[in-house]
Amino acid sequence: MQELDPQAATALAALPLPVVLLRADGRVLDANPACAERFGIPAVQWRDRPLDAHLAIPGLADLLAAAVAGEAVDCETPLHCAALREHVGLTMQLSLRSLPGEPPRLLLSLQDLTRERHLERILIDAQARAGVGSWHVDIPTGRSQLTPEAYRLYGIGEDEVVDYARFLRCVHPEDRTHVRGCWNQALAGAPYALEHRVLAGGEVRWVEARGVLETDRHGRALRMIGSVLDITRHKQAEESIRQLIHYDTLT
8 MQELDPQAAT
18 ALAALPLPVV
28 LLRADGRVLD
38 ANPACAERFG
48 IPAVQWRDRP
58 LDAHLAIPGL
68 ADLLAAAVAG
78 EAVDCETPLH
88 CAALREHVGL
98 TMQLSLRSLP
108 GEPPRLLLSL
118 QDLTRERHLE
128 RILIDAQARA
138 GVGSWHVDIP
148 TGRSQLTPEA
158 YRLYGIGEDE
168 VVDYARFLRC
178 VHPEDRTHVR
188 GCWNQALAGA
198 PYALEHRVLA
208 GGEVRWVEAR
218 GVLETDRHGR
228 ALRMIGSVLD
238 ITRHKQAEES
248 IRQLIHYDTL
258 T
């Protein structure tokens with residue numbers, strides 16, 4: 008690659024990810040073979056052309072300016088390449104770094120996340136159809152991340168910050184002591200598996216929650232990863248059967 012010592016140029020050329028060497032103004036100095044292959048554009052056609060002549064990246068000027076100022080730029084971004092006409096758009100993990108020396112040069116690397124995000128959407132759709140959500144809790148901070156179906160089942164807005172206190176507020180008041188007990192036992196190493204009620208949008212919903220605790224090598228809790236299943240219909244059926252049995256007994 009241009010303006011790099013031979014050892015660095017060899018290392019970058021061998022990288023499996025698309026890598027582009029840029030001037031501060033966004034013009035391409037060189038592109039590695041993986042970049043040429045991924046976007047179907049020969050390396051010679053990249054050189055001395057603006058990056059956005061080939062790749063449309065939202066907010067590119069601001070990203071370049073941040074990197075020139077010395078910031079480490081890492082973000083997930085949509086990307087469109089005119090040469091790949093079969094693709095409406097790609098999802099990329101973008102990394103942009105300033106290289107030492109003068110004049111300023113930038114190193115851009117791209118990791119294609121399109122397939123991963125497509126599979127995530129398929130999983131989310133499948134979870135919604137099955138009434139199953141998933142979640143994980145960062146134990147040191149108490150912050151949680153939920154899939155859309157988990158947000159729906161718990162009756163929590165997707166724009167809300169979810170910590171343990173927020174989660175407990177959606178649990179039916181009569182079940183909170185039981186949920187707290189199961190959670191504390193799980194943090195001590197017991198399986199997290201229980202059924203409880205939640206208050207979601209004014210209605211009572213039954214869910215089955217399961218989780219697995221992950222620890223570090225010293226046994227300290229790091230995160231809990233789990234699932235939540237809507238079992239409301241199952242509980243309603245159980246109640247109907249109990250009422251029928253009770254009625255038959257009385258008659």
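Those letters in the sequence shown? Residues 8 to 258, by our numbering. Heads up, the beta-carbon is just placed ideally off N, CA and C, and yes, glycines get one too. Nothing here was measured: the structure is a model prediction, and the numbers come from that model.
{"Query": "Residue closest to glycine 233, alpha-carbon to alpha-carbon, out of Ala193, Pro25 and Ile163", "Result": "Ala193"}
{"Query": "The segment 104-112 touching the segment 73-82, judged by at least three CB pairs closer than 8 Å", "Result": "yes"}
{"Query": "Selection from Gly196, Leu175 and Ala195 that minimises the alpha carbon distance to valine 186", "Result": "Leu175"}
{"Query": "Under 8 Å between C-beta atoms of leucine 160 and proline 25", "Result": "no"}
{"Query": "Span of the alpha helix (DSSP H) around leucine 67", "Result": "67-75"}
{"Query": "For glycine 196 and arginine 183, the rounded distance between their alpha carbons", "Result": "20 Å"}
{"Query": "Host beta strand (DSSP E) of alanine 193 (start-end)", "Result": "Not the beta strand (DSSP E): alanine 193 falls in the alpha helix (DSSP H), residues 183-194."}
{"Query": "Helix, strand or coil at isoleucine 232 [DSSP, three-state]", "Result": "strand"}
{"Query": "Contact set for aspartate 59: own chain, Cβ-Cβ below 8 Å, skip 5 residues either direction", "Result": "Gly33 and Leu67"}
{"Query": "Backbone CA spacing between glutamine 9 and leucine 62 [nearest angstrom]", "Result": "Note on glutamine 9: pLDDT 46, under 50, position unreliable in the model; no value is reported."}
{"Query": "Helix, strand or coil at alanine 60 [DSSP, three-state]", "Result": "helix"}
{"Query": "Beta-carbon contacts of leucine 229 that lie in its chain and below 7 Å, excluding the five residues immediately before and after", "Result": "Ile146, Glu221, Thr222 and Asp223"}
{"Query": "Selection from Ala172, Leu206, Gly218 and Arg212 that minimises the alpha carbon distance to cysteine 259", "Result": "Nothing in the structure corresponds to residue 259, since the chain is present only between 8 and 258."}
{"Query": "Endpoints, the beta strand (DSSP E) within which alanine 216 is located", "Result": "210-222"}
{"Query": "Own chain partners of lysine 242 with C-beta closer than 6 Å, once the 5 adjacent residues on each side are dropped", "Result": "Trp213"}
{"Query": "Inter-residue spacing [alpha-carbon to alpha-carbon] between alanine 31 and arginine 122", "Result": "31 Å"}
{"Query": "Leucine 113 versus Ala38, Trp142 and Ala50, residue with shortest Cα-Cα distance", "Result": "Ala38"}
{"Query": "Local conformation of alanine 207 per DSSP, three classes", "Result": "strand"}
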